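Per this note's numbering, residue 549 is the first one in the sequence shown, and the count goes up by one each step.
C-beta atoms are modelled at their ideal positions from N, C-alpha and C, and glycine is treated no differently.
Keep in mind the model is a prediction, meaning the values are calculated, not measured.
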Amino acid sequence: MKSHQSIITIITIISFSISILTSFLLTTNNKLQSNTICKVDCNNDNDNDDNDNGDLPFLINSKNLTNVLIGNTVDTKHDTRLITLDKTTQMPEIHGFYDIVSTQISKMYNNDLVFTINLDEDPNKNKKYESTYLWLISHLDPLNNQNQVFTIIIPNFGSESNFRIKGWYLTIYDNINNEYSFPLSRIDNMTDNKVEITIDPNFIGGILDFNYTTAVMIRVNDTFLDKQPDYLIDSSPDDNSFWSKWFD
């Protein structure tokens, strides 16, 4: 029972920290008007190869196991800078794992989506702060003119930080319904030089086409969590002003 209560306490603490980011991401159709948002169509398989073993589920064409690229952006290297989101006296050193080199979204043979942010350095090297990698996804339903908005949040709490929890986590927030569509979950390992996660599209409303933009933010202050992140570092497509407006 005590162990169960401890788990609940830890999850509550993490959710409280993460909700600081998502609480500022409640949006309307008008707030997603960015000229740099990338368009993705998950119906685009780009796979014209025939599968001779289509009737044999255990004889899968190896080509179908590979990811099919359905959206990507390329970002300039070494364009990171500290954009203050909240007043703080702490000035963190900028590392390559804050520098977005490119992003891509791929669809797997089972329709799961792979979200990848390629970086200029291994993000596992984060030691001192909370580094958070964000995907903002938007889909406007033309039938009812209603927007679907989801935020994929991938925070990393530095191993030498004063945060009570450490390591990688993932959660997905439904901005319109103001609830989490994917509960906070621990990620055991993260790949070198990129932040990559695979999700079932049902956690982003099952939408088949959407716009997206990404950003990297950090929190250096581990004492006052009930506020926005301290700094915006990079975004792709480049639109730092767009992300900064979330906190106006």
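Through-space distance from residue j to residue i, alpha-carbon basis
| i | j | result |
| --- | --- | --- |
| Glu669 | Asn741 | 5 angstroms |
| Gly753 | Asn695 | 11 angstroms |
| Ile659 | Arg712 | Note on residue identity: the sequence assigns Asn, not Ile, to residue 659. Roughly 36 angstroms between the two C-alpha positions. |
| Asn620 | Asn666 | 11 angstroms |
| Asp748 | Asp782 | 27 angstroms |
| Asn692 | Phe751 | 21 angstroms |
| Phe730 | Ile648 | 25 angstroms |
| Leu580 | Tyr681 | Confidence in Leu580 is poor, its pLDDT being 38 and thus under 50, which makes the residue's placement too unreliable to answer from. |
| Ser685 | His626 | In the sequence under discussion, the amino acid at residue 685 is Ile, which differs from the Ser named in the question. The straight-line gap from Cα to Cα measures roughly 25 angstroms. |
| Thr825 | Gly644 | Outside the displayed range of the chain (549 to 796) lies residue 825, so it cannot be described from this structure. |
| Asn776 | Val697 | For the sequence presented, residue 776 should be read as Gln rather than Asn. If I take the Cα positions, the gap works out to 19 angstroms. |
| Asn759 | Pro671 | 25 angstroms |
| Asn737 | Asp786 | 28 angstroms |
| Asn725 | Lys793 | 21 angstroms |
| Val616 | Thr636 | 43 angstroms |
| Tyr728 | Asp757 | 21 angstroms |
| Glu641 | Ser784 | 20 angstroms |
| Ile657 | Val764 | According to the sequence provided, residue 657 is Tyr. The question's Ile does not apply to it. Those two C-alpha atoms are separated by around 29 angstroms. |
Contact set for residue i: own chain, Cβ-Cβ below 7 angstroms, skip 5 residues either direction
| i | result |
| --- | --- |
| Ser707 | Lys675 and Lys714 |
| Asn578 | In this prediction, Asn578 scores a pLDDT of 32, lower than 50, which makes its location untrustworthy; no coordinate-derived value is stated. |
| Asn788 | Ile631 and Leu780 |
Buried versus exposed call for residue i [16 or more other C-beta atoms within 10 Å across all chains shown]
| i | result |
| --- | --- |
| His687 | buried |
| Ser733 | exposed |
| Asn723 | buried |
| Arg629 | exposed |
| Ile556 | Confidence at Ile556 is low in this model, with a pLDDT of 36, below 50, so the placement of that residue should be treated as unreliable; the coordinate-derived value is given next. Ile556 comes out exposed. |
| Asp623 | buried |
| Pro690 | exposed |
Beta-carbon contacts of residue i that lie in its chain and below 6 angstroms, excluding the five residues immediately before and after
| i | result |
| --- | --- |
| Asn704 | Asn674, Ser679 and Trp716 |
| Ile700 | Trp683 and Ile720 |
| Gln638 | Val768 |
Residue i Cβ short of 8 angstroms to the ligand GTP heavy atom set
| i | result |
| --- | --- |
| Phe790 | This structure lacks the ligand GTP; in fact it carries no ligand of any kind. |
8 angstroms CB neighbourhood of residue i in its chain, flanking five on each side removed
| i | result |
| --- | --- |
| Ile745 | Val662, Phe663, Ile700, Ile702, Leu718 and Ile735 |
Within 9 angstroms, strictly: CB atoms of residue i and residue j
| i | j | result |
| --- | --- | --- |
| Thr651 | Tyr779 | no |
| Tyr798 | Val743 | Any property of residue 798 remains undetermined from this structure, which presents the chain solely from 549 to 796. |
| Asp634 | Asn710 | no |
| Phe790 | Thr761 | yes |
| Ile755 | Tyr646 | no |
In chain order, each beta strand (DSSP E) run of at least 3 residues that lies wholly inside the segment 636-690: 648-655, 661-667 and 678-689
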